[in-house]
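Below: one structure, written as structure tokens.
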């Protein structure tokens, strides 16, 4: 994909990449780089005619039609009327130069990728990869994750740790806690649904996917993050978005702070006492003291969520005592607790 690297560190420069990949829409082949100029022109929400778009980009009206059709196929809400094409809702287009000048790892931007986590994991290089669209985006437990270009913040952060995998078992939860605290500081009343979902009330705002590769001496950690910035017109009531709770558009400065919250969690995890991590988790947990259903590899059970242990496992109390949950789906029960 057409993209570029913005080297980490303040005042540093970027290196332009020239690789492209093509995505086929029926018999029309659309370069991932060609639809981005169209989306940029439309991103302020003002209507623009096909002729004006074509003139500004240097292509025909027919080419504009193809690219608009492709953007619509990716989920971008674009209307067409007598005044031209118009995007519905805010569009966020990250500036990797600005972001990369303020974070400690190289920042790369690709308009469209298969999966940011996959690419960063394969590279095994410290970096942050930002994208507008993933055609093979992944969530927890193999689920697919999809969002329209410009409607979500999509990124993966990769970093090496000098600890083995067994020593960082609670890192995944701590990263979620760190992001929650950062968003709380921006005025977003978000909490963490163990292990890696960010909720506003009972609606999902964001998801995190942490993957690791390593041995007993060192680990490469990849943190994939997807934050809903724009609420789709037709959407499940259990999904929330930043534009529903923020009184201003999301900015690159906000993205810098979020990326730094991830890197800070990775950097400070080894020296942070377990008691501190447990306390920080309880301060943002949306499950604390609530009746939950736990469905894992073995038979499911019900109980009351009571924080986490030193390994980041969810502690659930029922008639059999305290159960430590390391993996599985956890849902909130509407019934009152009788334990």
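Residue numbers (the working numbering): 1396 to 1734. We put the CB at the ideal spot given by N, CA and C, even for glycine. In this text, all values refer to a predicted model and were calculated from it rather than measured experimentally.
- Per DSSP, residue 1662 is one residue of the alpha helix (DSSP H) stretching across 1647–1663.
- Annotation: residue 1468 is outside any beta strand (DSSP E); the continuous alpha helix (DSSP H) that includes it extends over 1456–1468.
- If you check the CB distance, residue 1463 and residue 1473 come in under 7 angstroms.
- Residue pairing of residue 1528 in beta bridges, as defined by DSSP: 1507.
- According to the DSSP assignment, residue 1492 belongs to no beta strand (DSSP E) but to the alpha helix (DSSP H) extending over 1491–1495.
- Residue state for residue 1568 is assigned as helix, using DSSP reduced to three classes.
- Here residue 1706 is exposed: its Cβ has fewer than 16 other Cβ atoms, across all protein chains shown, within 10 Å.
- Looking at the DSSP output, residue 1586 bridges to 1594.
- Contact fails between the stretch 1540–1549 and the stretch 1565–1578, because fewer than three Cβ pairs, one in each stretch, are under 8 angstroms apart.
- DSSP, read as helix, strand or coil, puts residue 1724 in strand.
- For residue 1676, the enclosing alpha helix (DSSP H) covers residues 1669–1679.
- Using a Cβ-Cβ distance cut-off of 8 angstroms, the stretch 1654–1663 and the stretch 1487–1503 are in contact, since at least three pairs of beta carbons, one from each stretch, lie closer than that value.
- Following the DSSP letters along the chain, one finds residue 1481 inside the beta strand (DSSP E) bounded by residues 1479–1482.
- Secondary structure at residue 1578: helix, using DSSP grouped into helix, strand and coil.
- In this structure, the beta-carbon distance from residue 1483 to residue 1510 does not fall below 7 angstroms.
- Contact fails between the stretch 1696–1712 and the stretch 1606–1624, because fewer than three Cβ pairs, one in each stretch, are under 8 angstroms apart.
- The three-state reading of DSSP puts residue 1573 in helix, counting H, G and I together.
- Restricting attention to 1444, 1691, 1680 and 1585, the CA atom closest to the CA of residue 1639 is found in 1585.
- Scanning its chain for C-beta atoms nearer than 7 angstroms, with the 5 sequence neighbours on each side dropped, one finds around residue 1672 the residues 1565 and 1569, in chain order.
- Shown here for residue 1594: same chain residues with a beta carbon closer than 8 angstroms to its own, the five before and five after excluded, namely 1585, 1586, 1587, 1588, 1600, 1635 and 1681 in chain order.
- When only Cα atoms are considered, residue 1665 and residue 1615 end up about 14 angstroms apart.
- In this structure, residue 1689 sits near residue 1723, with a CB-CB distance shorter than 7 angstroms.
- Selection 1439, 1590 and 1596 evaluated against residue 1583 yields 1596 as nearest (Cα-Cα).
- Residue 1716 and residue 1687 have their C-alpha atoms roughly 15 angstroms apart.
- In the assembly as shown, residue 1646 is an exposed residue. Its beta-carbon has fewer than 16 other beta-carbons within 10 Å.
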